[in-house]
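J.: Just passing along the structure, written as structure tokens.
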Amino acid sequence: MKVNFTKTECLVTNEQGELLMKGVRSRDNCYLWISKEEDNLSTCYISKEDEVKLWHQKLGHLHLKGMKKAIVKEAIRGLPKLKIDEGSICGECQIGKQTKMSHPKLQHL
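Each residue of the sequence shown is one higher than the one before, counting from 0 in numbering that gives the first Met the number 0.
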């Protein structure tokens, strides 16, 4: 088995030179490993907007500035580099931010 490190990735090959594993390097010098079988799986395509919503939900409805910060700092393994629009907010978060206000008392009916 042979392990080869470059500036951007790490490749693991067997004696015949076949690729067994591939790791992609992040800013903090950690490697996210992708097996050969996982790399060959069929891909499901979704829109970028749906992907942002999906990650927002996976991260426990994290606020958008927090998601941007996590993307820039590469703080969460597997979190893709998404383009986040400031104006978008999910329905559940809108409901969660609503507050109740008291109604003024009526003098005459």
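C-beta: ideal position from N, C-alpha, C; glycine also.
1. Could you tell me the boundaries of the alpha helix (DSSP H) in which M20 lies?
2. Thinking C-alpha only, which one of L81, H55 and K67 is nearest C89?
3. How big is the Cα-Cα spacing for I75 and G59?
4. Excluding five sequence neighbours on each side, which residues of the same chain lie with their C-beta closer than 7 Å to the C-beta of E73?
5. Can you list, in chain order, the residues of its chain with a C-beta nearer than 7 Å to that of C92? Leave out the 5 residues immediately preceding and following it.
6. Between C9 and K21, is the Cβ-Cβ spacing less than 9 Å?
7. Can you tell me whether V51 is buried or exposed? The criterion is at least 16 other CB atoms within 10 Å of its CB, across all chains shown.
8. Would I83 pass as a contact of K96 if the rule is Cβ separation under 9 Å?
T.: The relevant details are as follows:
1. The residue labelled residue 20 in the question sits at position 21 within the sequence shown. Not the alpha helix (DSSP H): M20 falls in the beta strand (DSSP E), residues L18 to R24.
2. For the purposes of this step, residue 89 is taken as the residue at position 90 of the sequence shown. Comparing Cα positions, the closest option is H55.
3. One-based indexing of the sequence shown puts residue 75 at position 76. One-based indexing of the sequence shown puts residue 59 at position 60. I75 and G59: Cα-Cα distance of roughly 13 Å.
4. Locating residue 73 in the sequence shown gives position 74, counting from the first residue. Answer for E73: S25, R26 and D27, listed in chain order.
5. Taking the first residue of the sequence shown as position 1, residue 92 is located at position 93. Around C92: H60.
6. Residue 9 sits at position 10 when you count from the first residue of the sequence shown. Residue 21 sits at position 22 when you count from the first residue of the sequence shown. It is a contact, given that the beta carbons lie within the stated cut-off.
7. Locating residue 51 in the sequence shown gives position 52, where the first residue counts as 1. By the neighbour-count rule (16 or more Cβ atoms within 10 Å), V51 is buried.
8. Position 84 of the sequence shown, counting from 1, holds the residue named residue 83. Position 97 of the sequence shown, counting from 1, holds the residue named residue 96. It is not a contact, given that the beta carbons lie outside the stated cut-off.
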